[in-house]
Amino acid sequence: MKLKTPVLLAGLAMMTVSPAYAGSEIETLINMLHENGSVSDEQYERLMAELNQNQTQAAAEKAEVDEKLAEATKPSDVEVSTNGGLKIQTRDGKFATKIGGRVQADAAAYGGDPKMGDGTEIRRARLYLQGTMYYDWGFKLQYDFVDDGASGIKDAYLSYNGFDNLELKAGNFKDPFSLQEQTSSKFVTFTERALPSAFSAGRHIGMMASTAHQHWTLAAGLFADTVSAEGGQDDEGWGAGTRATWAPVNNKSEVVHLGLGLNYRETGGSNQTRLRQQPETHIAGVNIVDTATIDAVSDFYKVGAEIATVQGPFSAQAEYITTSVKRDMGNNLDFDGWYAQAGYFLTGESRNYSKGKFGSITPKSNVGEGGIGAWELALRYSTVDLSDADIDGGEADSMTLGLNWYPTPTLRFSANYVNVLDVEGGTYDNDEPRVFQVRSQWAF
Amino acid sequence: MKLKTPVLLAGLAMMTVSPAYAGSEIETLINMLHENGSVSDEQYERLMAELNQNQTQAAAEKAEVDEKLAEATKPSDVEVSTNGGLKIQTRDGKFATKIGGRVQADAAAYGGDPKMGDGTEIRRARLYLQGTMYYDWGFKLQYDFVDDGASGIKDAYLSYNGFDNLELKAGNFKDPFSLQEQTSSKFVTFTERALPSAFSAGRHIGMMASTAHQHWTLAAGLFADTVSAEGGQDDEGWGAGTRATWAPVNNKSEVVHLGLGLNYRETGGSNQTRLRQQPETHIAGVNIVDTATIDAVSDFYKVGAEIATVQGPFSAQAEYITTSVKRDMGNNLDFDGWYAQAGYFLTGESRNYSKGKFGSITPKSNVGEGGIGAWELALRYSTVDLSDADIDGGEADSMTLGLNWYPTPTLRFSANYVNVLDVEGGTYDNDEPRVFQVRSQWAF
Amino acid sequence: MKLKTPVLLAGLAMMTVSPAYAGSEIETLINMLHENGSVSDEQYERLMAELNQNQTQAAAEKAEVDEKLAEATKPSDVEVSTNGGLKIQTRDGKFATKIGGRVQADAAAYGGDPKMGDGTEIRRARLYLQGTMYYDWGFKLQYDFVDDGASGIKDAYLSYNGFDNLELKAGNFKDPFSLQEQTSSKFVTFTERALPSAFSAGRHIGMMASTAHQHWTLAAGLFADTVSAEGGQDDEGWGAGTRATWAPVNNKSEVVHLGLGLNYRETGGSNQTRLRQQPETHIAGVNIVDTATIDAVSDFYKVGAEIATVQGPFSAQAEYITTSVKRDMGNNLDFDGWYAQAGYFLTGESRNYSKGKFGSITPKSNVGEGGIGAWELALRYSTVDLSDADIDGGEADSMTLGLNWYPTPTLRFSANYVNVLDVEGGTYDNDEPRVFQVRSQWAF
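Chains as they are written, first to last, in the numbering used here: chain A, 1331 to 1774; chain B, 1331 to 1774; chain C, 1331 to 1774.
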C-alpha cells in the first residue's frame, strides 16, 4: 500500500493505529460546537490548527514507539543454545558452530578361557568443533583423548554443500561401509560392535561425494591411508569405497533398510594386512581371532550386505561381510562373518533412522523431569571366520544379551553379557570366554 | 480479579492505564455541554458512540504495546557470560555448559646436590567442558595437554544430583583423600604440594557418593585402576576410599577444618607399588626419595589426618599421612610424612573454603581496574620417610618460603624457595638441594 | 537541564513528548467554552482538575513505557558472534573469549630421487582458546592434535597489555625471528615455508616485550627451552632474540617492509644442535639436507634480513638468514640460505599486512554468496646451504610454483609444484626430487 501524501499518511495512521488519535470525538465535538455557534470561526480555526498539529506530533511519537518496539522484539541475529554442549548460529544460516563431546566409562569382568584381566577404561573421551561457514561450507574436527597423538584425530574434514542434495567432503572421516560402522558408537545397540567389525573399513584421509534422500543414499570416495600413517620412502596405501542404501519404508516408527557396500584397498609399500577381533569387549585387549600379519598382500576388497528394520519399539538388523585378500605369493584368502540382532524398547520408543544409518534415542520421558527414560532389551548372534588356506586366524561365534537405559537423550547406561559359544582354530582354539561389561555414557 | 463484561473491562482499562483515555475530561465536557444544551441529544449520542469506539480501540492498542513491551523486556531463556572461559546456561536450570582451562608456565633454578638441570616447563595446560543436563545430571571432561594420550585425561565423569544433597559420580576423578590433594593445583598455596604427596591417592576410574554441608562433608567410593592402565591377561588393581571432614567453624573469613581420610588399594595383577617424591619441584624430575619398585605387594592402605584454619588474612594447614604396604613375602612396610604451613595475605584477603577444601582467591582490588591484586606470604615445613625394613627409599625434610600475587581472580604469579634441610638414606643420602622456582598461571 | 518543580516537569513532559497530551486542543476548547459562557465556572474548574489529573497520569504512563523501551532496546552486556569459531565478549571490554581452530589436509605425489612415498596427512589440526581478562590481561592456549603430548602445545601464554602500546608475554610462543616464521601457517603463500626455515627459531618457553606501530615494530625476549624438553640433571638450553621491522609505506594495498632479526641460543647440557630441511614438503619426512647431530656446540646465533612489498594485487618478499655455530672443538660453522618469492591475485585482492607480518586474505567475493573467492598465483626460489668445514649437510635450491584459492576468508585450497633444481653434497648429492602437493584448509 502506497500513499500519496504525508498528510494523508498521518491522517490514516491516526485513524487506524494512533492511541493519541483515539480521541477523534474531540474533532467531532469542535465541529458540532462550531456548527451550533458555541465556538466562533476564529476560535474554530485556532482549535483545528492546534488539533492538526497535535495529531501530527502524536502520529510521529507513535511511529517512534512502534519502531523501537519492532527493534526490541526482533529476534537476535545470533542464536545461542545448550543441551550440555553448545550451539551458536546466525539466524540467516550463514555461520554456525557447535561444541560437543562424549565420554564412555566402561568396566568389564571376564570368565572362562582365555584369561582376560578384569578392569575399567575410558573407552572414548571426545570433543568436537563442528559448524557452517558462508552458508555452503561445513567443517568438523573431532579428537579422542584416549588415543596418542595423531591417531586420536577422528573426523577432521571440510565439506561443501552448495550443490542440491550433494555433499563433497575432504579430510579424515569414515569410509562408507557397513551399517554398524556408519552408526555412531554413541548409538549402536551393544557396547561393542559385532564380531564382523574385524572387517571394518575405518577412517582414512580422502575425498567423498554423497547424497541422502528419504528413501535412498549413495556415497562414493577415494581414500589414502590412515591419519596415523607415517611417511618415508614407501608409498602409503590407498583405496576406494562406495555404499548404497535403500529404504522402501522410512517413517518415524517404521523402517525397512537394505544396504550394499564395496571397499577396495591397496596396501601400498607395506604389502601387509592383518585382521583380528576381540570378543565384543575392549578392556582386556585380547584378540580371540587373529590372522597375525599377512605378508605379500597387494590388495584386498570387502563386500558388505545390510538389512534392517524398525517396527515401532522393535528393531532388527543383520549384516554379512566378506573380505578377499589377494597375495603376490600363495593362495588368495577369503574371510567372512555375519551378525543378526534384535532389540525392543520396553518403554515404547523407536530407533531413529536417517540417511542410511541409526541415530539418537529420544526417551518418551526424561529422568530429571519426572520420567523414567527409555529402556531397551537386545539380543545378538555374531560370527567371524579368519581361517583360510594357510592362515589359521580362528573362527568365533558369540551370543550377546544387552540392556540399555537412556535416562535422557544425552545419557546412556548399558550392561552387556557376551557368551562366546565357541572358538575354532587359532591361538584360542576351543576357548569359550564370557564377558560382563557395563558402560556409562554422556554424549551430545 | 474477574470482570463481567468486555465493556466494563475496556472502561476500566481506560480509567487506569490507557494514556489514550487520560483524556476522560472530554467525556465530562461532552456531558456538561449536553446538560447545558450546547450539544443536542442527537449530537450527544453520536459523540458518545464515537468516544466509546475510540476508547475501545485505544485500550486494544495499549494492550498490544504492553504485550510487546513485556516480551521485549523479558529476560532471555539462555544466559551467556565470560570471565575468560565461557558459560552458557538456560535460565530454568535445565542445561548449562562451561568451557575453561588453565596454563601454568614454570621456571626453576637449582643449587646444591643432587645436580638438577635448570629449566622451564608448561606444568599444566588444561581445557575442560563441564555442565548440566536435564536439571539433575552433571558431566565433566578435562584434559591436560602436557601428558601423552589417555594419561592426560583428568576428570571424565558423569554425575547425578537428583537426590537431596547427595552426589553420585561415575568415571575418572580424584579419590577422596588428603586436603592438599583435594584442593586444585590452581589454589594450593605453594607451586608444588608438600613432600607427603608421595602418598597421593590420585585419580581412578570408579564410582563415588558424596554429600557436602556447611559444617561437614562425607565421601566414599569404589575405584578401579588409573585411566592409563593397560589391559591384558592380569586383573587391574582396585581400591576403596573414604574421607570425612568437619568444619565446626565455617564463616566467610573464619574456618576451622578437621579431616580424616582412608584409602585402600589392591595392586591387581602387577603385585607392585612404588613411592617416590621430588623436592617440591617438577621441572628437573629428580626424585630425592624413592622406594623403587616394591615387589610381592598384595595391597596397601593410607590414612591421612588433616587440620586447617582460616582467621581473616591468616591461614594454616597441616596433614599427617601414613602408608602401610602389605607384602606376600618379607615384612610389611610403613611409610609416613607430614607437613605444616601458614600463609598471610598482606592485602587482607582470606582463603576461600568450601565443601571440605580450599578454593579460589578473590583479590579485594584487581590489576586492570586500578587495584594491586592480592599478595600472600607463606611458609611450609614438610617431611616424608620412605625407608622401612629392607626398603631404603630415604627420608627428606624441607622448608619452603612462598610469595603469591593474584592480580585478578583468574591470574596468579608465584615465587617459591625450597630449602631441602636434609636427605637421610636412599640414593641422595646427605644431599641438601635448593630450589628457586616461579610460575605464571591463568585459570578459569 | 534541571527543573524546579514536579508540576513543571509534568507539564513539560506533556507538552513535548506525551502522546496523551497531544490533545492540548481540549484545554484550549474548554478555555474557549468557558470564555464564551458555554461552560460554567464550576464546570470549568471540575474539567481543569480532571484534565490536570489525566495529564499527570498520562505523563507517568508515558515515562514508564519510555523506560521499558530504553531497557528493551539497550544493547546486551555480552556480545556473541560466530564465523565458524565463536567469540563472546563483554561490551565494556573487560572479558572476551574466542574458540577457533584450523585443519590442513594434505596430499603429495613425488617424482625423481630420492624416493619419497606418496601419501597424505593431516598437516595441522589445532584448536585454541584465547581471550581477555579484566581489560589488561590476555591469554592463549593452542594445541595441535597431530603431535604427541606436550610437543603439541603451541601457544600457551599470558600477556599484559596495561602499558601504552607495549605487550608483555610469558609462556610458550614463537621467538621473534623471520618474516615467514612470524606469518601464520594459515597465511604463508606456499603450503610449506621456504628452505631457509631450516634456520627457524621456533617456539620456546620465555618472556617477551613487544610494541607494534603503524610503521614499525620491535620485540625482544628471553627464552628457555622448548615445551617438550625433558628435565634431568643437565640444564636446559636458553636463548635471547630480538626483531625490528620498519614499514615506511603501510597502506591497505601498498606496503614496503624491512626487517632484521637476531637470535642467540646456548645449547645447555646437550651441547648439540642439528639443522635439516625437507624439500618444501612434509608428508614423506625425508630431509634432503641434514647436518646430522653436531657435537661440542656451546652456542649459536642467527641473523635474518627481511624485505617485502605489497603493490595492490602484487606482493613479493625475500629473506636471507645465516646461522653461526660455535664449537668447543673444531672450527666454528657458518650456514646460510635465502629465498625470494612473488605472488599475484588474479582477482585483485591484496595481502593483508599488520604488525610486521602478513595476515588473512579477504576475498572480494565469497563462494556461497555468489562470488568466486580470491585466486592467487605465486612463484618462489629458495636455497639453503648446510655444508661447512667438516659438516657435509648438503646444499639445495628449488623453484616452487603455487596456486591458491580462497573461496571465503576461512577457507583455502592450495596446489604447489616444487622442483628441486639441485642438491650438492650430503646424503642426496645430485638428487633432484619433484613434489606435487595439494592442501585443503579451514581456519578461523
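Idealized CB from N, CA, C, for every residue including glycine. Because the structure is a prediction, the values reported are computed rather than measured.
Assigned secondary structure, residue i (DSSP; H/G/I helix, E/B strand, else coil)
i	result
B:GLU1522	coil
A:LYS1685	coil
C:ILE1360	helix
C:SER1600	helix
A:TYR1465	coil
A:MET1537	strand
B:GLY1532	coil
C:GLY1482	helix
A:SER1527	helix
C:ALA1455	strand
Rounded Cβ spacing between residue i and residue j (contact assumed at less than 8 Å)
i	j	result
B:ALA1638	B:ALA1626	With a Cβ gap of about 37 Å, B:ALA1638 and B:ALA1626 do not count as contacting.
A:ARG1456	A:LYS1484	7 Å
B:GLY1501	A:VAL1433	6 Å
A:GLY1441	B:GLU1566	Going by Cβ atoms, the distance from A:GLY1441 to B:GLU1566 rounds to 16 Å, so no, they are not a contact pair.
B:ARG1769	B:ASP1436	5 Å
Outcome for residue i when other beta-carbon atoms lying within 10 angstroms are tallied against a minimum of 16
i	result
B:TYR1351	Caution is warranted here: a pLDDT of 45 is assigned to B:TYR1351, below 50, making its placement in the model unreliable, and the coordinate value is therefore given only provisionally. B:TYR1351 should be labelled buried.
A:LYS1694	exposed
A:SER1511	One point to set straight first is that residue 1511 of chain A is Glu, not Ser, in the sequence displayed. Label assigned to A:GLU1511: buried.
C:TYR1747	exposed
A:PHE1493	exposed
A:ASP1752	exposed
C:SER1406	exposed
C:GLN1563	exposed
A:ASN1617	buried
A:LYS1504	buried
B:ALA1715	Sequence inspection shows Asp at residue 1715 of chain B; the Ala mentioned does not correspond to that position. The residue in question, B:ASP1715, is buried, as its Cβ has 16 or more Cβ neighbours within 10 Å.
C:MET1659	exposed
Test: residue i CB closer than 8 Å to a CB of chain C
i	result
B:GLU1355	yes
A:TYR1464	yes
A:GLU1610	no
B:MET1446	yes
A:LEU1377	yes
B:GLY1431	yes
8 Å Cβ cutoff, residue i in contact with chain A
i	result
B:PHE1517	no
C:ASP1477	yes
B:VAL1369	yes
B:LYS1398	yes
C:ILE1702	no
C:GLY1724	no
Residue i CB to nearest heavy atom of the ligand PLP below 7 Å
i	result
A:GLY1686	With respect to the ligand PLP, the structure shown offers nothing to examine, as it has no ligands at all.
Residue i at chain B interface by Cβ criterion, 8 Å
i	result
A:PHE1766	no
C:VAL1408	yes
A:LYS1424	no
C:GLU1754	no
A:LEU1457	yes
C:GLN1434	no
Query raised in the report: Does the region 1598 to 1606 of chain A touch the region 1576 to 1589 of chain A, meaning 3 or more C-beta pairs lie closer than 8 Å?
Result: no
Report task. Return the residues of the region 1553 to 1566 of chain B that lie within a Cβ-Cβ distance of less than 8 Å from chain E, sorted by chain order. Result -> Checking the listed chains, one finds no chain E in this structure; the protein chains it contains are A, B and C.
Query - Cβ pair count under 8 Å reaching 3, the region 1457 to 1466 of chain B against the region 1417 to 1433 of chain B - result: yes
**Report entry** Contact between the region 1648 to 1657 of chain B and the region 1629 to 1637 of chain B (3+ Cβ pairs under 8 Å)
**Finding:** Because the criterion of three Cβ pairs below 8 Å is met, the region 1648 to 1657 of chain B and the region 1629 to 1637 of chain B touch.
Query raised in the report: When the Cβ atoms of the region 1731 to 1739 of chain A are set against those of the region 1701 to 1718 of chain A, are three or more pairs found closer than 8 Å?
Result: The region 1731 to 1739 of chain A, when compared against the region 1701 to 1718 of chain A, does touch it at the 8 Å Cβ threshold.
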